[in-house]
Amino acid sequence: ACLVCSTPNNSLHFGVEACRACSAFFKRATRTGRHYACRRGQRTCDVTRGGEEMACRACRYARCLEVGMVYVRPLRMCKPIQYDDQNESLLARIEVEYEKSIVRRREQELALLRTSETASRLPGLDEVRLALLELTFFALISLTNQGLSLHAYAHFENSQIVTTLLQEVYVSTTDLVHKTIDLLIKDMWSLFPKIFPSLDKLSHKQQVELYRFYLPNFILVDTYFRTWKIWGTFEKYIMCSIATCIDVATPDAWLPKDGSDDGTRSAMVSSASSHVHDQVARLGPCFERAQKTEREVHALLAIMLCETDMKLAASERLLSLLDSIRGEALRDLQRYYREELGMADFSSRLGNLMTICHVVRECSSCFQEFFRMQVTLFDFFDTELLLQEMFI
Numbered sequence: 001a002c003l004v005c006s007t008p009n010n011s012l013h014f015g016v017e018a019c020r021a022c023s024a025f026f027k028r029a030t031r032t033g034r035h036y037a038c039r040r041g042q043r044t045c046d047v048t049r050g051g052e053e054m055a056c057r058a059c060r061y062a063r064c065l066e067v068g069m070v071y072v073r074p075l076r077m078c079k080p081i082q083y084d085d086q087n088e089s090l091l092a093r094i095e096v097e098y099e100k101s102i103v104r105r106r107e108q109e110l111a112l113l114r115t116s117e118t119a120s121r122l123p124g125l126d127e128v129r130l131a132l133l134e135l136t137f138f139a140l141i142s143l144t145n146q147g148l149s150l151h152a153y154a155h156f157e158n159s160q161i162v163t164t165l166l167q168e169v170y171v172s173t174t175d176l177v178h179k180t181i182d183l184l185i186k187d188m189w190s191l192f193p194k195i196f197p198s199l200d201k202l203s204h205k206q207q208v209e210l211y212r213f214y215l216p217n218f219i220l221v222d223t224y225f226r227t228w229k230i231w232g233t234f235e236k237y238i239m240c241s242i243a244t245c246i247d248v249a250t251p252d253a254w255l256p257k258d259g260s261d262d263g264t265r266s267a268m269v270s271s272a273s274s275h276v277h278d279q280v281a282r283l284g285p286c287f288e289r290a291q292k293t294e295r296e297v298h299a300l301l302a303i304m305l306c307e308t309d310m311k312l313a314a315s316e317r318l319l320s321l322l323d324s325i326r327g328e329a330l331r332d333l334q335r336y337y338r339e340e341l342g343m344a345d346f347s348s349r350l351g352n353l354m355t356i357c358h359v360v361r362e363c364s365s366c367f368q369e370f371f372r373m374q375v376t377l378f379d380f381f382d383t384e385l386l387l388q389e390m391f392i
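Note that the working numbering has the sequence shown beginning at 1, numbered continuously upward.
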């Protein structure tokens, strides 16, 4: 019988006659270094089988030591996989190529925005500090009118906004946003095979269709994570690209004024405002609640590719490739949770990630319907041939 709990047993564990349950408990407690408190405080609890409904862990561990259990080292050493240039993980590859893409797009966008007459740069941190030091009424009013409140400044010192204000962010109209999306589409077409080289096995037609499906999902994840990372909230500004954003509170400023007053512009503004507010109401709480890290977002970018909803019939080869990408992304993500974050239970974080994935798909579908409506009813994108090719 087990010397700890008196369960019938005929095997040895850790040098004594003990059952599997007690030996596993002793091993787990020893490896984690936990210190249990006695339920009664007297160290005399009954740990035999059938004694108490729930055995006292402190007394059970003390009994294991008393009967002579000894655990020196792990039975099997788990060695993490060492990645080199020839065996690079998927998430590491996404991180490298994604950051390169951000650098390229930022340079291209800033070259466009700095020469634009309709883009308005948000004030930087140094400008705000200077205005506060000088305490000039007109300087403070000027900064406030550009969309930066003193209440927000009070939280700058302990916020990620500090990092961003040292960069350049512009409040832009839709015509500039469309140009930045054009830059993204062209850059993503070269980024796509670098991140997912296995997709080269597909035909060109399948690659194009998969890219068209993936693009709106990528844009939503990229812009909303950037919004949360920069502003920490979705109440004021929504990032539309690396360096452009819109002010949610002033939808009339989104569209450039062309002088016409036939009601079409007001209808377009109302439609766009309704769409954006609905999108923010869906995605904003997901990112705020999940508090995702950059590595988790890299995994999300890979998983979103595998949520196929293509118009073309998916071949067996395509489904097999997407399954392998999804599996590799989830394995890398679990390794990240265990080894870098030290988490034993990451079910809630993984669940939040899959929730974001589902909501992004819904918002992507709504965006494509909104885009088709704008083209059909208002001829809004009649000159944006590249956008029409991607989103219709």
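Idealized CB from N, CA, C, for every residue including glycine.
Asked                                                                                                                                                                         : Found
Pull up the distance between the alpha-carbon of H178 and that of V269, whole angstroms please.                                                                               : 16 angstroms
Between R63 and N9, what straight-line distance do the alpha-carbon atoms span, to the nearest angstrom?                                                                      : 17 angstroms
How long is the line joining the alpha carbons of F196 and G327, rounded to whole angstroms?                                                                                  : 13 angstroms
If we call anything under 8 angstroms between Cβ atoms a contact, is R216 one with F25?                                                                                       : It is Pro, not Arg, that sits at residue 216 in the sequence shown. Their beta carbons are not under 8 angstroms apart, which means P216 does not touch F25 by this criterion.
Less than 8 angstroms separating the beta-carbons of G15 and V70?                                                                                                             : yes
Shortest alpha-carbon distance to L353 belongs to which of G232, S120, T223 and M304?                                                                                         : M304
Buried or exposed: where does Y36 fall if 16 or more other Cβ atoms within 10 Å of its Cβ makes it buried?                                                                    : exposed
Touch check for the region 95-104 and the region 334-345: three-plus C-beta pairs under 8 angstroms?                                                                          : no
Roughly how many whole angstroms lie between the Cα atoms of A234 and C59?                                                                                                    : The amino acid occupying residue 234 in the given sequence is Phe; Ala does not appear at that position. When rounded, the distance between both Cα atoms is 52 angstroms.
Going by DSSP, what residues sit across from I238 in a beta bridge?                                                                                                           : I246
For the alpha helix (DSSP H) containing D175, list its first residue and its last residue.                                                                                    : T174 to I195
Specify the secondary structure class of V16 as computed by DSSP and reduced to three states.                                                                                 : strand
Quick check on this structure: which residue in T264, V276 and A267 has the alpha carbon closest to the alpha carbon of A249?                                                 : V276
In terms of residues, what are the limits of the alpha helix (DSSP H) holding C59?                                                                                            : R57 to E66
What separation, rounded to the nearest whole angstrom, lies between the Cα atoms of L202 and L321?                                                                           : 9 angstroms
Assess contact between the region 199-214 and the region 287-299, defined as three or more Cβ pairs (one per stretch) separated by less than 8 angstroms. Is contact present? : no
So, helix, strand or coil for S347, using DSSP?                                                                                                                               : helix
Leaving out five residues before and five after C363 in sequence, what residues of the same chain have Cβ atoms less than 8 angstroms from its Cβ?                            : L220, Q279, R282 and L283
Per DSSP, which one or two residues make a beta bridge with R121?                                                                                                             : Y170
Shortest alpha-carbon distance to S89 belongs to which of A253, V375 and K194?                                                                                                : K194
Have a look at V297 and R49 and give me their C-alpha separation to the nearest angstrom.                                                                                     : 48 angstroms
Looking at L113: is its Cβ nearer than 8 angstroms to the Cβ of A243?                                                                                                         : yes
Between which residues of its own chain and D323 is the CB-CB distance below 8 angstroms, once the five residues before and five after are set aside?                         : C306
Can you tell which of S347, S271, I356 and R289 has its C-alpha closest to the C-alpha of M373?                                                                               : S271
Could you spell out where the alpha helix (DSSP H) holding K205 opens and where it closes?                                                                                    : H204 to W231
Is it buried or exposed for T227, if we count other Cβ within 10 angstroms and need 16 for buried?                                                                            : buried
Between the Cα of V67 and the Cα atoms of L3, T44 and R43, which residue gives the shortest distance?                                                                         : L3
Is the distance from the Cβ of C5 to the Cβ of C22 below 8 angstroms?                                                                                                         : yes
With a floor of 4 residues, list each alpha helix (DSSP H) that falls wholly inside the region 279-334, ordered by position along the chain.                                  : 294-306
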